[in-house]
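See below for the structure under consideration.
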Amino acid sequence: MARGDDIICHLIAISMDQRGYPTHLFTTNHWVTGEHWYGADDVTELLDSFVIDHTFPSWAVNRWITAMVALYQPQIAKLLTERDATIQEWADSHDGDVLEDRDLDLTSKISLDIPHQIKQINKALKKL
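Under our numbering, the first residue of the sequence shown is numbered -18, with each subsequent residue one higher.
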């Protein structure tokens, strides 16, 4: 059972352009971040309660990351499932510890379109 710092897991990465605008979400193999590895089902269960509510190192950035996770929750769940599928496919075709294989770093990725995402959410809310 994970304890202390081992309970921390890498959820998602956000790629940014030169202006600081988010362009992609992606997942990585375990060796890239080194945190505890949790399967997609376990991590997806936690998405509803994800929040970074402390002020260090930057309250504004922490709130922004929290909002990004909320805005893209369905896509993040899909990326995590794709991550696990990529890991399994790699393990099936390669020898050694797949989570430490330096030849596999990026495990899933999507492009972002924030205005489109907000439109989709508004459409869904109107149906409620």
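By construction, the Cβ of each residue, glycine as well, lies at the ideal position given by its N, Cα and C atoms.
Alpha carbon to alpha carbon, what distance is there between residue j and residue i?
i, j, result
"ASP76", "ASP82", "9 Å"
"ILE95", "ARG0", "15 Å"
"ILE68", "ALA21", "11 Å"
"THR47", "PHE31", "7 Å"
"GLN54", "LEU28", "7 Å"
"GLU70", "ASP86", "14 Å"
Just reading off the beta strand (DSSP E) that residue i is part of, what are its end residues?
i, result
"SER74", "First-last for SER74: 54 to 74, but that is the alpha helix (DSSP H), not the beta strand (DSSP E)."
"HIS5", "3 to 9"
"ILE33", "Here ILE33 belongs to no beta strand (DSSP E), and DSSP marks it neither H nor E."
"LEU87", "87 to 92"
"ILE(-5)", "-6 to -3"
Could you tell me which residues DSSP pairs with residue i in its beta bridges?
i, result
"SER39", "SER39 is not bridged to any residue."
What are the boundary residues of the alpha helix (DSSP H) that includes residue i?
i, result
"LEU106", "95 to 107"
"ASP78", "Here ASP78 belongs to no alpha helix (DSSP H), and DSSP marks it neither H nor E."
"GLU26", "21 to 27"
Is it right to say residue i is buried, meaning 16 or more other beta carbons lie within 10 angstroms of its own, or is it exposed?
i, result
"ASN10", "buried"
"ASP65", "buried"
Grab me the residues of residue i's own chain with a C-beta within less than 6 Å of its C-beta, minus the 5 sequence neighbours each way, in chain order.
i, result
"LYS104", "none"
Going by beta carbon distance, what residues of the same chain come within less than 7 Å of residue i, once the five residues before and after it are set aside?
i, result
"THR62", "ALA21"
Just to confirm, does residue i get its C-beta within under 8 Å of one of the non-hydrogen atoms of the ligand NAP?
i, result
"HIS97", "Ligands displayed in this structure: none; no statement on the ligand NAP is therefore possible."
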